[in-house]
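Single-structure report; data block below.
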Amino acid sequence: MADTSTPRAITCKAAVVWNPSEPLKVEEVQVDPPNSTQVRIKVLYASMCHTDITYWNGYNIGPLFPRILGHEGAGVIESVGEEVKDLKVGDNVMLLYVGECGECSNCASEKTNLCSRYPLLGSDDGTSRIYSKGQRMYRMFSSSTWAEYAVVESNYVVKVDPRMPLSHACLLTCGFTTGYGGVWKALKVEKGSSVAVLGLGAVGLGAVKASQILGASKIFGIDINDTKRDKAIAFGVTDFVNPKHSGKPISQLIQEATGLLFLHTLECNQGVGETLLIGFPPERKVELNLVPMIFGRTLKGTNFGGVKIHSDLPKIIQKCINKEINLGDLITHEVSLADINKGFMEYMKQPNCVKVIIKF
Ligand SMILES: [Zn+2]
Ligand SMILES: [Zn+2]
């Protein structure tokens, strides 16, 4: 019988980016056992996010290659460090990139979800426990989910009720929750509000669903792709707008429709609504006209929608179990690890694509 008390390195497969913007290569990797506060997870599902493309290009992160991408994922705990108390072998879990210690001043505040003890690791600290061809791999954030096994600090891991399919759980680990939380935690949208959501991918549909659940009376979904219409309506959009079919600028369309503002449309904020920036910006700087600001307009930013992973995320999971949220509708494509380049280079660019999941 195998000795499960002393876990050893596991040899398995992972998608490695050896150099920026090169196709991913599925390689044999070695994944070390967890240290005393970590867990090792057999990843069963991962998903793709546009931030993976940003990191793949090497944007703003320094020469951190070779690297294993992926920051959305779910699986089963394979082994735990001796100090880990709240997770055990066999638990279904999600891998997150923000932690929540519950004790630091940030965790005590309702104004942020960025824990100072378990921070968002924008840049890898070189302590990953995964190697290929004798070289240590850099991670993406604190996990790297495009690998058959991942070693993660246990605080970044959230247990999932077994009634929640892991193929759906992985979708809550970045995009959808970011949009959902943006409306719920950051904007705190009130009953009867009008909301306009620009872009109806997973983040946008999360924002739409939260708006619907919180009782927004009008939810304008704006996208330049008509194939998004049916899905958007299924998630709660009351009015689908394709600006390509109108000669008017988006800001004018939103202003006429709502009098309020959501996402990138500071001009039509009117000092009543708020603008929320969600997601990793493709450009680091934009010009900002300060004059409208003195009339009370508000521009906010949020990370992971302001959702605290241990306090708030279980409430979203419960809504999925209750079928108030149907995450399966987000999945438009599925690939195996062997076919990851098809998903990353091809499916992600298709106009109808919302989520590509990797089934291990
Ligand atoms: Zn904390
Ligand atoms: Zn993401």
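Counted the way my numbering counts, the sequence shown spans residues 6 to 365. Ideal Cβ positions, reconstructed from N, Cα and C, are used throughout, including at glycine. Owing to the predicted nature of the structure, the values given are computational and were not obtained by experimental measurement.
DSSP bridge partner residues for residue i (one or two, in chain order)
i: Lys30; result: Val21
i: His338; result: Val361
i: Asn97; result: Val81
i: Lys305; result: Leu281
i: Thr59; result: Beta-bridge pairing links Thr59 to no other residue.
i: Gln257; result: DSSP, once it has assigned bridges, lists no residue as partnering Gln257.
i: Asp375; result: Here the chain has residues from 6 to 365 only, and residue 375 is not among them.
i: Val44; result: Val85 and Val157
i: Thr16; result: Gln35
i: Val200; result: Ile224
i: Arg72; result: Val22 and Tyr143
i: Ser52; result: Glu77 and Ile362
i: Ser149; result: Bridge partners of Ser149: none, in fact.
i: Ile135; result: Val36
i: Val213; result: Bridge partners of Val213: none, in fact.
i: Val188; result: Per DSSP, none; premise fails for Val188.
i: Lys233; result: Beta-bridge pairing links Lys233 to no other residue.
i: Lys164; result: Val98
Residue closest to residue i, alpha-carbon to alpha-carbon, out of the options
i: Val312; options: Arg289, Gly180 and Val291; result: Gly180
i: Gly4; options: Lys364, Val156 and Glu279; result: Examination of residue 4 is not possible in this model, given that the chain is present from 6 through 365 alone.
i: Glu207; options: Gly226, Leu219 and Asp91; result: Correcting the residue type first, residue 207 is Ala in the shown sequence and not Glu. Ranking Gly226, Leu219 and Asp91 by Cα distance to Ala207 puts Gly226 first.
i: Tyr60; options: Asp334, Arg144 and Asn357; result: Arg144
i: Asp4; options: Lys354, Ala343 and Lys164; result: The displayed coordinates of the chain run from 6 to 365. Any statement about residue 4 would go beyond what the structure contains.
i: Ala19; options: Cys112, Ser137, Ala237 and Gly80; result: Ser137
i: Ile345; options: Glu153, Asp244 and Gly63; result: Glu153
i: Lys360; options: Gly209, Ala221, Phe245 and Ile314; result: Gly209
i: Lys30; options: Lys214, Ser133 and Phe70; result: Phe70
i: Leu101; options: Ile314, Gly333, Lys328 and Gly348; result: Ile314
i: Thr178; options: Asn24, Arg122, Gly104 and Lys47; result: Gly104
i: Leu332; options: Ser52, Arg289 and Tyr123; result: Ser52
i: Asp235; options: Trp189, Leu335, Gln140 and Leu282; result: Leu335
i: Lys190; options: Lys116, Val98, Glu288 and Pro124; result: Lys116
i: Gly107; options: Arg134, Ala239, Pro124 and Gly86; result: Pro124
i: Leu342; options: Ala201, Trp151, Tyr185 and Leu258; result: Trp151
i: Ile330; options: Cys54, Leu295 and Tyr185; result: Tyr185
i: Ala201; options: Arg134, Gln257 and Asn294; result: Gln257
i: Cys54; options: Lys90, Glu261, Ser149 and Asp96; result: Ser149
i: Asp166; options: Asn111, Ala14 and Asp96; result: Asp96
Outcome for residue i when other beta-carbon atoms lying within 10 angstroms are tallied against a minimum of 16
i: Val94; result: exposed
i: Thr307; result: buried
i: Lys253; result: exposed
i: Gly284; result: buried
i: Phe300; result: exposed
i: Val291; result: exposed
i: Ala221; result: buried
i: Ala155; result: buried
i: Leu203; result: buried
i: Ser121; result: exposed
i: Gly131; result: exposed
i: Gly348; result: buried
i: Ser199; result: buried
i: Asn118; result: buried
Residues of its chain near residue i, where Cβ-Cβ distance is below 6 Å and the 5 sequence neighbours each way are ignored
i: Pro397; result: Nothing about residue 397 can be read from this structure; the chain reaches only from 6 to 365.
i: Asp57; result: Leu74
i: Ser358; result: Reading the sequence as shown, one finds Cys at residue 358 and not Ser. Here the set comprises Thr337 and Tyr352.
i: Pro28; result: Asn346
i: Gly241; result: Val213, Lys214, Gln217 and Ile224
i: Gln355; result: none
i: Met350; result: none
i: Leu205; result: Gly226, Asp228, Lys233 and Ala237
i: Gly63; result: Pro25
i: Glu87; result: Ser41
Close Cβ partners of residue i (< 7 Å) along its chain, the five nearest in sequence each way excluded
i: Thr368; result: Here the chain covers residues 6 to 365 and nothing more, so residue 368 does not appear.
i: Leu271; result: Reliability fails at Leu271, whose pLDDT of 46 lies under 50, so the model's placement of it is uncertain and the value that follows must be treated cautiously. Once the five neighbours on either side are set aside, the close Cβ partners of Leu271 are Thr280, Pro297, Arg302 and Leu304.
i: Met169; result: Ile322, Cys325 and Ile326
i: Ser147; result: Tyr102, Leu126, Val157, Glu158 and Tyr161
i: Asp129; result: Leu69, Tyr143 and Arg144
i: Ser251; result: Leu258
i: Arg134; result: Val36, Asp37 and Val156
i: Phe245; result: Gly226, Arg234, Ala237 and Ile238
i: Val48; result: Gly78, Gly80, Thr150, Ala152, Glu153, Tyr154, Ala155 and Phe365
Close beta carbons around residue i, own chain, < 8 Å, minus the five adjacent residues each side
i: Ile229; result: Asn247, Pro248 and Lys249
i: Arg50; result: The amino acid at residue 50 is misidentified as Arg; the sequence shows Tyr. Taken in chain order, the residues that qualify are Gly78, Ala79, Gly80, Leu171, Ser172, Ala174, Cys175, Ile362, Ile363, Lys364 and Phe365.
i: Thr182; result: Gly211, Phe309, Gly310, Val312, Leu318 and Ile321
i: Val21; result: Leu29, Lys30, Val31, Glu32, Val34, Pro71, Arg72, Ile73, Ser137 and Met142
i: Trp23; result: Lys30, Phe70 and Pro71
i: Ile255; result: Leu203, Ile227, Pro248 and Thr270
i: Leu92; result: Val44, Ile82, Val85, Val98, Ser159, Val162 and Lys164
CB contact below 7 Å: residue i versus chain C
i: Gly206; result: In the structure shown, chain C does not exist; there is a single protein chain.
* At least three beta-carbon pairs within less than 8 Å, the stretch 185–204 to the stretch 73–85 -> no
* Is the stretch 157–167 touching the stretch 42–54, taking contact as three or more C-beta pairs under 8 Å? -> yes
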